[in-house]
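One structure is given below, encoded as C-alpha cells.
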Amino acid sequence: MDTIDLSNLNRQFLFRPKDVGRPKAEVAAEFLNSRIPNCAVVPHYKKIQDLDESFYRHGVIDPSSIIPLIDGGTEGFKGNARVIIPGMTACIECTLELYPPQVNFPMCTIASMPRLPEHCIEYVRILQWPKEQPFGGKSV
Numbered sequence: 001m002d003t004i005d006l007s008n009l010n011r012q013f014l015f016r017p018k019d020v021g022r023p024k025a026e027v028a029a030e031f032l033n034s035r036i037p038n039c040a041v042v043p044h045y046k047k048i049q050d051l052d053e054s055f056y057r058h059g060v061i062d063p064s065s066i067i068p069l070i071d072g073g074t075e076g077f078k079g080n081a082r083v084i085i086p087g088m089t090a091c092i093e094c095t096l097e098l099y100p101p102q103v104n105f106p107m108c109t110i111a112s113m114p115r116l117p118e119h120c121i122e123y124v125r126i127l128q129w130p131k132e133q134p135f136g137g138k139s140v
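Printed below as a string of C-alpha cells:
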C-alpha cells in the first residue's frame, strides 16, 4: 500500500512531515478538498488484488461517461502524461500492452539509501556513469 515516506517530502508538494506514514490517496484528497471550492475528491486506499470480481467486470472507467482521465507518472528524471477521453481515445486497459515491462528500479526507491545491489547499479547507470564517462563517452 502506498503511504508517505520521509523521502517523498522533497519531491511531492502535497505532503508534509506530519503526513509521514499516512496513505497518499487520503492526504492528497484532503489537500485538494481543502483548497478547491466545491471539490469532492474521494480517496480510495485499497489493494487492487483485494477487490471482488465485479470490480474487474465493470472496468475502472465508466465508458458511458465523458469525464477525461489524466494519467501520469515519473521515473527518475523521466516523466509521462496522457489524457484518456472515453469514446475518443483508447482506454487504459487497451494500451497496457504498448508499454514494455519495467526493467529498472525507480530512482525514488533509492532516494535515501540503496538497499539492494540493483539499486546501486541503477544509481551508477543513471547518475554516475554519465558524469565519469569511464570509456571516453563511448557506449558500452
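In full-length UniProt numbering, the protein residues as written are 1 to 140.
Positions of the beta carbon are idealized from the N, C-alpha and C atoms, including for glycine.
DSSP beta-bridge partners for residue i?
i	result
Pro23	Thr3
When the distance is taken between beta carbons, is residue j closer than 7 Å to residue i?
i	j	result
Asp50	Lys24	no
Ile4	Phe13	no
For residue i, which residues of its own chain have a beta-carbon under 6 Å away from its beta-carbon, when the five flanking residues on both sides are left out?
i	result
Ile32	Residue identity differs from the one stated: residue 32 is Leu in this sequence, not Ile. If we look at Leu32 and ignore the five residues flanking it on each side, its Cβ neighbours are Cys39 and Val41.
Ala28	Leu14
Val20	Ile4 and Leu6
Looking at residue i and the ligand PLP, is the gap between the Cβ and the nearest heavy atom below 6 Å?
i	result
Leu98	Absent from the structure shown: the ligand PLP. Ligands present: none.
Within the same chain, show all residues whose beta-carbon is closer than 8 Å to that of residue i, passing over the 5 residues directly before and after it, in chain order.
i	result
Ala90	Ile84
Any beta strand (DSSP E) of 3 or more consecutive residues that is wholly inside the region 35-96: Segments of the beta strand (DSSP E) lying fully in the region 35-96: 69-75 and 78-84.
Stretch pair the region 66-75 + the region 42-49: three plus CB contacts closer than 8 Å: Taking 8 Å as the limit for Cβ pairs, the verdict is that the region 42-49 does not touch the region 66-75.
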